[in-house]
Amino acid sequence: MMNYEENTNLGNHPEEIVLIVDEENRPIGEAIRKDMRKLKLAHRASFIFIKNSEGLLHVQKRVLTKDVYPGYFDPTTGGCVLASDLNDKEAALRELEEELGITGIDIEFVDWFHYKNAENNVWGSIYLAEWNGPVSLQADEVESLHMMSISEILERFQNNEKFCPDSMAALQQLISLGRLN
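Those letters in the sequence shown? Residues 1 to 181, per full-length UniProt numbering, in order.
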């Protein structure tokens with residue numbers, strides 16, 4: 001797995017100001033996104049699992065210019081909570097509109113999770129939603145969109161296809177809570 005220092009690509013939004021939290025998920029300040037990545041500061045992000053009426057999940061293929069997990073599949077839509085966001089739900093709805101052009105959707109908060117590895121230190125807010133309408137991909141973030149069953153996602157991940165590990169941790173938590181199967 002590529003460490004942050006090896007990935008000189010800072011993505012297309014390196015100057016965004018993100019909310020920084022402590023190891024207990026309490027807000028403690030803010031930082032420029034590129035500094036948050038470089039210093040591996042704990043931050044918040046939204047993880048929205050979008051399924052259609054057939055139970056298939058929207059899975060994004062991330063562009064190669066992303067600052068973390070470039071080119072990976074991601075079974076969630078979402079991103080960092082900005083210091084300017086009023087709350088985590090607002091951040092999630094903003095990301096849905098930015099990445100997929102989805103507006104006017106109800107999202108359900110399910111749980112929090114903490115994920116930390118060599119590249120990321122994130123407190124994630126997990127949401128569920130259903131969407132059968134059109135999408136409009138944000139070209140500087142999303143290369144393509146695929147519809148996959150949970151079993152297909154898990155099988156491909158177990159076969160070492162590149163899926164965002166933080167999103168996969170969120171997926172495992174949803175499964176363990178009995179919210180997805």
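Glycine included, each C-beta is placed from N, C-alpha and C at the ideal position.
Along the chain, where does the alpha helix (DSSP H) that runs through residue i open and close?
| i | result |
| --- | --- |
| F157 | I150 to Q158 |
| S167 | P165 to S176 |
| K38 | R33 to L39 |
| L96 | D88 to L100 |
From what residue to what residue does the beta strand (DSSP E) around residue i run?
| i | result |
| --- | --- |
| I17 | I17 to V21 |
| K51 | H43 to K51 |
| Q60 | L57 to R62 |
| I126 | N121 to E130 |
| residue 184 | No answer is possible for residue 184: the residues shown for the chain start at 1 and end at 181. |
| T77 | T77 to C80 |
Taking only the alpha-carbon atoms, compute the straight-line gap between residue i and residue j and give it to the nearest angstrom.
| i | j | result |
| --- | --- | --- |
| E15 | K34 | 7 Å |
| A45 | L145 | 20 Å |
| T65 | D140 | 8 Å |
| R94 | N160 | 31 Å |
| R62 | G79 | 12 Å |
| D166 | W123 | 10 Å |
| Q60 | E143 | 7 Å |
| L96 | T103 | 7 Å |
| G11 | V81 | Below a pLDDT of 50, predicted positions are generally treated as unreliable, and G11, at 46, falls in that range; no measurement from the model is reported. |
| residue 183 | I17 | The first residue shown for the chain is 1 and the last is 181, placing residue 183 beyond what the model contains. |
| F49 | I107 | 9 Å |
| A83 | K116 | 21 Å |
| M168 | R156 | 11 Å |
| I105 | G55 | 17 Å |
| F109 | D88 | 10 Å |
Considering only the alpha carbon of each residue, which of the options lies closest to residue i?
| i | options | result |
| --- | --- | --- |
| S151 | V135, L180 and D140 | L180 |
| R26 | R62, G79, V135 and H114 | H114 |
| H58 | S84, D88, I107 and V135 | V135 |
| A99 | F157, R156 and T76 | At residue 99 the sequence reads Glu, which differs from the Ala that was named. The shortest C-alpha separation from E99 is found at T76. |
| L137 | S84, G29, G101 and L56 | G101 |
| E119 | S149, D67 and I153 | D67 |
Grab me the residues of residue i's own chain with a C-beta within less than 6 Å of its C-beta, minus the 5 sequence neighbours each way, in chain order.
| i | result |
| --- | --- |
| K38 | none |
| N121 | K40 and A42 |
| E130 | K51 |
| M36 | V18 and H43 |
| E91 | Checking the sequence, you will find Ala at residue 91 rather than Glu. Excluding residues within five positions, the ones whose Cβ falls inside 6 Å are S46, V81 and D85. |
| C164 | Y69, Y72 and D74 |
| E24 | none |
List the whole-angstrom C-beta distance separating residue i from residue j, where the pair is believed to meet the contact cut-off of C-beta under 8 Å.
| i | j | result |
| --- | --- | --- |
| F47 | Y127 | 7 Å |
Who are the Cβ neighbours of residue i in its own chain at under 7 Å, not counting the five residues just before and after it?
| i | result |
| --- | --- |
| D111 | I126, Q173 and L177 |
| N132 | N52 and S53 |
| N22 | Sequence inspection shows Asp at residue 22; the Asn mentioned does not correspond to that position. The residues are I28 and A42. |
Kindly list the residues whose CB is nearer than 8 Å to the CB of residue i, restricted to its own chain and excluding five residues on each side of it in sequence; keep chain order.
| i | result |
| --- | --- |
| K162 | Y69, G71, Y72 and F73 |
| T8 | Below a pLDDT of 50, predicted positions are generally treated as unreliable, and T8, at 36, falls in that range; no measurement from the model is reported. |
| I20 | P27, I28, G29, E30, A31, M36, L41, A42 and H43 |
| S149 | G55, L56 and L57 |
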